[in-house]
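Encoded as structure tokens, the structure appears first; notes follow it.
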Ligand SMILES: Nc1ncnc2c1ncn2[C@@H]1O[C@H](COP(=O)(O)OP(=O)(O)O)[C@@H](O)[C@H]1O
Ligand SMILES: [Mg+2]
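Chains as they are written, first to last, in our numbering: chain A, 3 to 245; chain B, -5 to 210; chain C, 28 to 268.
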């Protein structure tokens, strides 16, 4: 079953064309890694899927729903969860309240049940003991895990990760990629923008290389990382792997 | 005579104190309500409201409160609204003026909430209204509170201008006492002390809130 | 319909005279206020406790009482102590003393806003203390202080309307006088309102132009051309320095 399908997507900010005709299909249970230079349009692609940016051309389908149709665009949030580079936890709410907010306000689940589900979501990321903590009292890694729990609690079919570990100190990266690995093993459909090449190789079913707003090359990690065919991919991988 | 005259006038002083406080509290309530509405509407960037709200702001922030108050007081009489009480005229002028200043505090507070907060709220499916209500405004209030308290200090002091249209707040009662017993230095010092006792604690609160906001 | 306007404009000489008084009083008061502000900031940062204390009493005493009261004290109360000002002098004095307290805090905050790392970096490349101040601290403090100082000047202009209450024929007082003679409230107050708007906006506009030209890099970063002046000032307060 195709969970996400982009068809010839064009996205511009004023005069700047950022996505220049992107085609991509993601099947259920697939983990797709997105790599590419800074500014190539990776974040924009995820944000387009999550209806955070309007597009100027093409189609975006999520579970058969046309997200490019403004009337139906907001339905995407029922099926897709997103994790941001800067966590974007709500600083005035505890970890648990961050997780239960949408359960109560969007899904209209009563407080007791929402709480139970929230604690369960925090447990999945190993933070049930931090339920009462405010974001400022948590480390970066813990904050990002709460952000993952916040998305997971809504039982999404797809998770989008936009450089979820880039804002973290190196020693905290592992706890977040650990949670992401576990999610992948449980069969979650995932689109992951990352610079963690080890993670990409181990967990990815497919790697997509974006170059200047277009998909320049894609394939299984074993092939794309070892013998890329596009010279731009080669160049990019060389720079990333020989930092 | 000496200070005895002032002690004898304490009843008048107290009336002035109560009147100043009444006008201040009424303005705080109405001015904050007006400022919140205008600030939220401006932050929402609604095209049709952009120009009128901007004109309201420019006029009330770019001209003296005293002129606004005289305009409203004499203007009401001119338009045939006879017997508009000095209290009402003062309250309307103060509300419009402080409301303009307060709206900018709210607008800036709303815009100071990082963009990512709105996006995260959208991506968990909250509606436009829910985003404002549960995510943006609670954060706005902690940002807005220190300058808001600071504005209230200015507001309390601004009520003194109502003396110009004959409202019997502290300064005017002070002048009335001076007319009777003289001793302007002593009387004004006492009145200054009363203002200080109201405003200084508010300054301390504002400063503490500001420190806390910086550490949060 | 036109007769009231004709009457109103027949008072043009009085309005112009009043405009001049308001402007002169504001400029003069602001100059004195700025001197007071610098002295106040120095006092508050002084090594001597007594000076710091005097500075604090000045700032808190002024900022927590109404300007109108300060004006009345100078004009009505000081004569009791043998100190006499005419209305213009009293107005300048009250506005200067009042704005001076705010400028004290603005300048103090401006000096404080220069990050410690800047001082350390300046010292570590061997600059002498006076050069640290002249070449590193002062230029940066000036940038952060410029917008609130301009705002304070606008506050002095608007605040000068209070001097009408001690019968100085500046703009507001002139409006009241003409109003009582003609009863053309709407017309007369519209005129003074517009004159004040003119003064405050011209000040903001000129300050903006100067800010763009005199500072390098320009003070108000480019991008969508947005007039700072009046409308950005609370935003500045909220976001803090
Ligand atoms: N809101 C925006 N307004 C204007 N330009 C933007 C905006 N967001 C992104 N861009 C531009 O779009 C391009 C792609 O950005 P992005 O998708 O964030 O790249 P990546 O995530 O691959 O680093 C960049 O040139 C960036 O400057
Ligand atoms: Mg990005």
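Even for Gly, the Cβ is constructed at its ideal location relative to N, Cα and C.
Since we're looking at a predicted model, the values are computed, not measured.
Any Cβ of chain C within less than 8 Å of the Cβ of residue 132 (chain B)?
For the purposes of this step, residue 132 (chain B) is taken as the residue at position 138 of the second chain. No, because no Cβ of chain C sits closer than 8 Å to the Cβ of residue 132 (chain B).
Residue 54 (chain A): contacting residues in chain D (beta-carbon distance under 8 Å)
Among the chains of the structure shown, chain D does not appear; the protein chains present are A, B and C.
For the alpha helix (DSSP H) that residue 191 (chain A) lies in, which residues bound it at each end?
Reading the first chain from its first residue, position 189 is the one you call residue 191 (chain A). Where residue 191 (chain A) is concerned, there is no enclosing alpha helix (DSSP H), although the beta strand (DSSP E) it sits in stretches over 191 to 195.
Verify the CB distance criterion: does residue 120 (chain B) have a CB-CB separation below 8 Å to chain A?
Looking up residue 120 (chain B) in the second chain gives position 126. So yes, residue 120 (chain B) belongs to the interface.
If you drop the 5 nearest sequence neighbours on each side, which residues of the same chain put their C-beta closer than 7 Å to that of residue 41 (chain C)?
In the third chain, residue 41 (chain C) corresponds to position 14, counting from 1. Non-local C-beta neighbours of residue 41 (chain C) in its own chain, meaning closer than 7 Å and more than five positions away in sequence, comprise 201, 205, ordered along the chain.
Beta-carbon within less than 6 Å of residue 183 (chain A)'s beta-carbon, same chain only, minus the 5 sequence neighbours each way: which residues are those?
Position 181 of the first chain, counting from 1, holds the residue named residue 183 (chain A). The residues are 205.
At least 3 beta-carbon pairs within less than 8 Å: the segment 158 to 175 of chain B vs the segment 105 to 112 of chain B
Counting Cβ pairs under 8 Å, fewer than three are found: no touch.
Beta-carbon neighbours of residue 152 (chain A), restricted to chain B and to distances below 9 Å
For the purposes of this step, residue 152 (chain A) is identified with residue 150 of the first chain, where counting begins at 1. Here the neighbours are 114, 118.
Check the Cβ of residue 69 (chain B) against every Cβ in chain C and list those closer than 8 Å, keeping chain order.
Indexing the second chain from 1 puts residue 69 (chain B) at position 75. Think of a sphere of 8 Å around the beta carbon of residue 69 (chain B): the chain C residues whose beta carbon falls inside it are 212, 213, 216, in chain order.
By the 10 Å Cβ neighbour count, where 16 or more other Cβ atoms means buried, how is residue 32 (chain C) classified, buried or exposed?
Translated into positions along the third chain, residue 32 (chain C) becomes position 5. The residue is exposed, with fewer than 16 neighbouring Cβ atoms inside 10 Å.
Along the chain, where does the beta strand (DSSP E) containing residue 9 (chain A) start, and where does it finish?
Taking the first chain and counting its residues from 1, one reaches residue 9 (chain A) at position 7. The continuous beta strand (DSSP E) containing residue 9 (chain A) extends over residues 4 to 15.
Which stretch, first to last residue, makes up the beta strand (DSSP E) that contains residue 125 (chain A)?
Numbered from its first residue, the first chain carries residue 125 (chain A) at position 123. Here residue 125 (chain A) belongs to no beta strand (DSSP E); instead the alpha helix (DSSP H) covers 113 to 126.
Tell me where the alpha helix (DSSP H) around residue 45 (chain C) begins and ends.
Stepping through the third chain from its first residue, residue 45 (chain C) is reached at position 18. It spans 39 to 71 - the alpha helix (DSSP H) in which residue 45 (chain C) sits, taken as one unbroken run.
When you compare the CB of residue 146 (chain B) with every CB in chain C, is at least one pair closer than 8 Å?
Within the second chain, numbered from 1, the residue matching residue 146 (chain B) stands at position 152. Not an interface residue.
Determine whether the Cβ of residue 86 (chain A) lies closer than 8 Å to any Cβ atom of chain B.
For this step, residue 86 (chain A) is matched to residue 84 along the first chain. Using a CB distance cut-off of 8 Å, residue 86 (chain A) counts as an interface residue toward chain B.
Can you tell me whether residue 108 (chain A) is helix, strand or coil according to DSSP?
Residue 108 (chain A) sits at position 106 when you count from the first residue of the first chain. Taken through DSSP and simplified to helix, strand or coil, residue 108 (chain A) comes out as coil.
Report back the beta-carbon spacing between residue 147 (chain A) and residue 178 (chain A) to the nearest angstrom; my notes put them in contact at under 8 Å.
Position 145 of the first chain holds residue 147 (chain A). Position 176 of the first chain holds residue 178 (chain A). Contact between residue 147 (chain A) and residue 178 (chain A) holds, since their C-beta atoms are separated by about 6 Å, short of 8 Å.
Who does residue 68 (chain A) pair with in a DSSP beta bridge?
Residue mapping note: residue 68 (chain A) aligns to position 66 of the first chain, counting from 1. Residue 68 (chain A) is bridged to A:63.
Listed by chain order, chain B residues near residue 94 (chain A) by CB distance under 8 Å
Along the first chain, read from residue 1 onward, the residue named residue 94 (chain A) stands at position 92. Counting only Cβ-Cβ distances below 8 Å, residue 94 (chain A) has contacts in chain B at 132, 133, 136, in chain order.
Could you check whether the Cβ of residue 232 (chain A) sits closer than 8 Å to any Cβ belonging to chain B?
Here the question's residue 232 (chain A) lines up with position 230 in the first chain. Chain B contact via Cβ: absent.
Check each residue of the segment 10 to 29 of chain B: if its Cβ is closer than 9 Å to any Cβ of chain C, include it; give the result in chain order.
Cβ proximity to chain C below 9 Å picks out nothing from the segment 10 to 29 of chain B.
Which chain B residues are close to residue 52 (chain C), counting only those with a beta carbon under 8 Å from its beta carbon?
As a working note, residue 52 (chain C) is residue 25 in the third chain. Chain order gives no chain B residues near residue 52 (chain C), where near means a beta carbon separation below 8 Å; the closest approach is about 13 Å.
Residues of chain C with CB closer than 7 Å to the CB of residue 178 (chain B), please, in chain order.
Position 184 of the second chain, counted from the first residue, corresponds to residue 178 (chain B). Result: 103, 104, 107.
Min CB distance residue 34 (chain B) to chain A below 8 Å
Counting from one through the second chain, the residue named residue 34 (chain B) turns up at place 40. Interface annotation, residue 34 (chain B): not in contact with chain A, CB-CB separation never under 8 Å.
Our contact map puts residue 83 (chain A) next to residue 154 (chain A) with C-beta atoms below 8 Å; I'd like the distance itself, whole angstroms only.
Within the first chain, residue 83 (chain A) is the residue found at index 81, counting from 1. Within the first chain, residue 154 (chain A) is the residue found at index 152, counting from 1. Yes, residue 83 (chain A) and residue 154 (chain A) are in contact; Cβ-Cβ is about 7 Å, under 8 Å.
Contact set between the segment 71 to 95 of chain C and chain B, restricted to residues whose Cβ is under 9 Å from the partner
Within the segment 71 to 95 of chain C, the qualifying residues are 87, 88, 90, 91, 92, 93, 94, 95.
What residues come near ligand 1, if near means a beta carbon less than 6 Å from any of its heavy atoms?
Residues with their Cβ less than 6 Å from any non-hydrogen atom of ligand 1, running along the chain, are A:15, A:18, A:20, A:38, A:40, A:41, A:42, A:43, A:44, A:45, A:46.
So is the beta-carbon of residue 165 (chain A) under 7 Å away from any non-hydrogen atom of ligand 2?
Position 163 of the first chain, counted from the start, is the residue given in the question as residue 165 (chain A). Yes, ligand 2 has a heavy atom inside 7 Å of this Cβ.
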